[in-house]
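Reviewing the structure listed below.
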Amino acid sequence: MQPPAEHVHWLFATGFLILGLCLLGEAIVGPDVWRTRAWRAYLWPGIAFTLGVLMFPVMTFFTNSTIHMLAHGAWAQALMFAGAAELGLVRGKLTSPWWRLAMAFAFLVSGTAFLVHEQNAWFFQRSSFLHHLMGWTLVIGAAVPLARCVRPRSTAFGGAFAATFLLIAVMLYCDRDLAPIFGHLSPLAGVQHR
Amino acid sequence: MRRLAVVALLALAFPAAASAHATLEHATPGFQQRVETSPRAVVLGFDQRVTVLPGTIRVVDALGRLVSAPAHPELSGRHVVAPLHRLARGPYTVRWHVLAGDGHVVSGVYTFGFGVAAPPPTEAYGASGPTRSEHVVRWLYFLALALVTGGLGCRLLVVRGVLPPRAEKRFFLLTGFGALAAIDIGIIGFILRAEDALQLPFARLLYGDLTPIANGTRVGTAFVAMTLGFAFLAALLFLAWLTDRTALLWGAFALALLLTSGLSLSGHSAADAGSSWKSELADWVHLSAASIWIGGLVQLAVVVLPLAPELRRASFLRFSSLATVLVALVLAAGTYLSILRLPHVHDLWTTRYGHVLLVKLGLVALALAWGAFHRLVAVPRVAAGGEGSLASLPRSVLGESIAGMAVLLAAAVLVDSKPPPRGVPAQTVARKASTLATKTFVSGRTPRLRTAAGP
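Those sequence lines, one after another, are chains R and G. The numbering of the first sequence is this note's numbering, which starts it at 195 and goes up by one. The numbering of the second sequence is this note's numbering, which starts it at 80 and goes up by one.
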């Protein structure tokens, strides 16, 4: 009954892609134009929060290892927390700009979870490489939401913030084996198992 | 820089050899399968090539006797086969560990039965049952459940009106904390259960296969349902705070009450001999009423009394009436369950379950005495308009709630204890429990076989 792991990765990759595109749109046209329609302000934080809620079924139904379950639990809660803080800021329920640090915190936690979760070396296989890359992207990328706390209207930081999510989306799309759709590209990939 | 870009592109272009470490895709006999003919071998199929290690598959009977021969790989190394001796009827435990392509040792445990129903993997040979850490974790889980259920119950049934902003904020903080704590404590509790079943040191537990426990046991089903439920409840709470819609709190309260049944459906009231829908219902009423009572006291002491001066008189009087009903429900359901689990009065002092129940009853008496003081002394004073009595109420209410929390600790130990089997005198059970044979699948108390290298 479980969907293949590839499909789950692609679902979340799509979520991050949409989230990144929303942020990119906001960075390009500026927050004032972006928020001419009030609902748009809720769009990307709402997606982040929803992705966090959706991560919980992944955590509970894919239990082939403890470390896998713990990492997904950390991502789920980090996403929900960061999305909730941003929604609170948009709605005016939270007023301190320091709440934006929630996203930096979520990046740090998520990046650390990637790095701890991936116990293999960088070049062991493609997914190992991408897990390391995603982990370090998020850990180093935590500086971007940190900078946005200080300069919330900066186009450069807004663009970098969007780019982080777009990068994560691309890496998630590439993270799993392509065999279910395209077949193996190389005999080195082993026997097709789906 | 160009070289780095080429390496990155190549890594992205070539498909991965496998999706991380090895995953067990199928097993013969299957998880908790009952077979009617003696199987000739245990066959494990993985999603990738694995390396067989010494003792890769060990199949033991209810007495811990090894019934399998050394395992060997088949089908390009993706299958591992362990031939079996001719089996006698009974339950069997399969413990396996293989070296995956990524260099990690992946481990797992499951059970099957030949001619008998297989026990859940949490009762596999070698599993020793709940530990002290699990008592503490279960207690913390009860507290989290009380914070959520009692907090929402107090807000909706007692306070009813609009809270001042500071009180409202503290209410959401406490209840939200309870929901998140329930998720995280639930995860810790599940991993502790799995650790006991798998009998692995922590480093190897990280790569332990939890699927047979998550999918094949009541504990696992409750873990999945309650984690998802509390995640959804946390989302509802957050949306209620964000949009100021109390209607969402009703949904969260209903969900919290529903989730309380998860413990009833996975505990003694559902699993032990003599259980029925009546025992499950009684357990749910017992736990729900206790959660609303104790969690409500916390809300009253920490939120309403100190931060909502204009609401505290009405709230206290209303809570007092509600608490009377809740205590009556707790006592009625608790008495029924005690009689069901301990049919003989002497079980109270001859069994461990009875001893814990006595401690719990003592603590309940303390909490009830404190509640009676509030009902009989404080309520008339508050109703008469005495401002002085209102000033000292938060501390006194907090004291009652701490007594309630102590009751929950005793309840946590009680839930993890095994009541004596129905129809068997307690002395016989105690004598039997000292033998290795019954330790394995009857009493839930078994010797630990943990070693540094694992089984």
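Every residue gets a Cβ at the ideal spot worked out from N, C-alpha and C, and that includes glycine. As the structure is a computational prediction, the values presented were derived from the model and not from experiment.
Put residue i into one of helix, strand or coil per three-state DSSP.
i: histidine 425 of chain G; result: coil
i: glycine 205 of chain G; result: coil
i: tryptophan 389 of chain R; result: The structure shown does not extend to residue 389 of chain R, since chain R is modelled only from 195 through 388, so no value can be given for it.
i: glutamate 115 of chain G; result: coil
i: leucine 178 of chain G; result: strand
i: valine 456 of chain G; result: helix
i: phenylalanine 191 of chain G; result: strand
i: alanine 106 of chain G; result: strand
i: alanine 120 of chain G; result: strand
i: valine 364 of chain R; result: helix
i: threonine 208 of chain R; result: helix
i: proline 243 of chain G; result: coil
i: aspartate 369 of chain R; result: helix
i: serine 290 of chain R; result: coil
i: leucine 342 of chain R; result: For the record, residue 342 of chain R in the displayed sequence is arginine; it is not leucine. In this structure, arginine 342 of chain R counts as helix in the three-state DSSP scheme.
i: serine 355 of chain G; result: coil
i: leucine 279 of chain G; result: coil
i: serine 513 of chain G; result: No answer about serine 513 of chain G holds up, because its pLDDT of 36 lies below 50 and its placement is not dependable.
i: aspartate 263 of chain G; result: helix
i: leucine 488 of chain G; result: helix
i: aspartate 323 of chain G; result: coil
i: serine 343 of chain G; result: helix
i: glycine 464 of chain G; result: coil
i: proline 473 of chain G; result: helix
i: lysine 439 of chain G; result: helix
i: glycine 257 of chain G; result: helix
i: proline 200 of chain G; result: helix
i: leucine 230 of chain R; result: Position check: residue 230 of chain R holds threonine in this sequence, whereas leucine was assumed. Three-state result, threonine 230 of chain R: coil.
i: valine 503 of chain G; result: Residue placement at valine 503 of chain G is poorly supported in this model, since its pLDDT is 47, which falls under 50; the coordinates still yield a value, given next. Coil, per DSSP.
According to the neighbour-count rule (16 or more other Cβ atoms, all chains shown, within 10 Å of its Cβ), is residue i buried or exposed?
i: arginine 231 of chain R; result: exposed
i: tryptophan 320 of chain G; result: buried
i: serine 259 of chain R; result: buried
i: leucine 142 of chain G; result: exposed
i: glutamate 220 of chain R; result: buried
i: lysine 439 of chain G; result: buried
i: proline 198 of chain G; result: buried
i: serine 321 of chain R; result: buried
i: glycine 205 of chain G; result: buried
i: valine 86 of chain G; result: Legend: pLDDT at valine 86 of chain G = 49, less than 50; position of this residue unreliable, no value from coordinates given.
i: phenylalanine 210 of chain R; result: buried
i: proline 499 of chain G; result: buried
i: arginine 128 of chain G; result: buried
i: alanine 326 of chain G; result: exposed
i: alanine 196 of chain G; result: exposed
i: arginine 370 of chain R; result: buried
i: valine 461 of chain G; result: buried
i: phenylalanine 281 of chain G; result: exposed
i: leucine 197 of chain R; result: It should be pointed out that residue 197 of chain R corresponds to proline in this sequence rather than to leucine. By the neighbour-count rule (16 or more Cβ atoms within 10 Å), proline 197 of chain R is not buried but exposed.
i: aspartate 495 of chain G; result: buried
i: glycine 309 of chain G; result: Per the sequence presented here, residue 309 of chain G reads as phenylalanine, with glycine not at that position. Buried: at least 16 other Cβ atoms inside 10 Å.
i: threonine 322 of chain G; result: exposed
i: phenylalanine 250 of chain G; result: buried
i: valine 503 of chain G; result: Reliability of the predicted coordinates at valine 503 of chain G is poor, the pLDDT of 47 falling under 50, and the value obtained from them is presented with this limitation in mind. Exposed is the call here.
Could you tell me whether the Cβ of residue i comes closer than 7 angstroms to any Cβ of chain A?
i: isoleucine 261 of chain R; result: Of the chains in the structure shown, none is chain A; the protein chains are R and G.
In this structure, what does DSSP give as the bridge partners for residue i?
i: serine 186 of chain G; result: G/His176, G/Gly287
i: tyrosine 171 of chain G; result: G/Phe191
- Message: Could you check whether the segment 257 to 277 of chain G touches the segment 412 to 423 of chain G, counting it as contact only if at least three pairs of C-beta atoms, one from each stretch, sit closer than 8 angstroms?
- Response: By the Cβ test, the segment 257 to 277 of chain G is not in contact with the segment 412 to 423 of chain G, since fewer than three Cβ pairs between them sit closer than 8 angstroms.
- Task: Write down every uninterrupted run of the beta strand (DSSP E) in the segment 122 to 169 of chain G whose length is 3 residues or greater and which is fully enclosed by it, in chain order.
- Result: Runs found: 130 to 139, 151 to 153, 158 to 162.
- Would you call the segment 152 to 169 of chain G and the segment 250 to 265 of chain G touching, i.e. three or more CB-CB distances under 8 angstroms? Contact between the segment 152 to 169 of chain G and the segment 250 to 265 of chain G is absent, because fewer than three Cβ pairs lie under 8 angstroms.
- Inter-stretch contact (C-beta, 8 angstroms, three-pair minimum) for the segment 102 to 110 of chain G and the segment 173 to 192 of chain G: Cβ pair count under 8 angstroms is three or more, so yes.
- Contact between the segment 281 to 297 of chain G and the segment 246 to 261 of chain R: three or more CB pairs below 8 angstroms? Touching, yes, given that three or more Cβ pairs across the two stretches are closer than 8 angstroms.
- Item | Ordered list of alpha helix (DSSP H) runs contained in the segment 366 to 422 of chain G, each at least 4 residues | Runs of the alpha helix (DSSP H) inside the segment 366 to 422 of chain G: 391 to 420.
- Could you pull out every unbroken alpha helix (DSSP H) segment of at least 4 residues lying fully inside the segment 248 to 286 of chain R, listed in chain order? Correct list: 260 to 285.
- Task: Report yes or no: do the segment 378 to 393 of chain G and the segment 227 to 237 of chain G share at least 3 C-beta pairs separated by less than 8 angstroms?
- Result: The segment 378 to 393 of chain G, when compared against the segment 227 to 237 of chain G, does touch it at the 8 angstroms Cβ threshold.
- Message: I'd like to know if the segment 329 to 336 of chain R and the segment 291 to 303 of chain R are in contact, where contact means that at least 3 CB-CB pairs between them fall below 8 angstroms.
- Response: As far as the Cβ criterion goes, the segment 329 to 336 of chain R touches the segment 291 to 303 of chain R, which means the pair count is three or higher.
- Determine contact between the segment 208 to 216 of chain G and the segment 167 to 175 of chain G, defined as no fewer than three beta-carbon pairs at a distance below 8 angstroms. Below 8 angstroms, too few C-beta pairs join the segment 208 to 216 of chain G and the segment 167 to 175 of chain G to call them touching: fewer than three.
- Message: Using a Cβ distance threshold of 8 angstroms, determine whether the segment 475 to 491 of chain G contacts the segment 439 to 453 of chain G, with at least three qualifying pairs required.
- Response: Yes, the segment 475 to 491 of chain G is in contact with the segment 439 to 453 of chain G.
- Query: Is it a yes or a no for the segment 284 to 291 of chain R touching the segment 244 to 252 of chain R, going by three-plus beta-carbon pairs under 8 angstroms?
  - Reply: By the Cβ rule, the segment 284 to 291 of chain R does not count as touching the segment 244 to 252 of chain R, because fewer than three pairs are nearer than 8 angstroms.
- Decide if the segment 351 to 366 of chain R is in contact with the segment 212 to 226 of chain R; the criterion is three or more beta carbon pairs, one per stretch, under 8 angstroms apart. These segments touch.
- Query: How about the segment 304 to 311 of chain R and the segment 249 to 256 of chain R: do they share at least three Cβ pairs that are nearer than 8 angstroms?
  - Reply: In this structure the segment 304 to 311 of chain R does not lie against the segment 249 to 256 of chain R, because fewer than three pairs of beta carbons, one per stretch, are closer than 8 angstroms.
- Item | Three-pair Cβ contact test at 8 angstroms for the segment 236 to 246 of chain G versus the segment 150 to 160 of chain G | Segments in contact, no.
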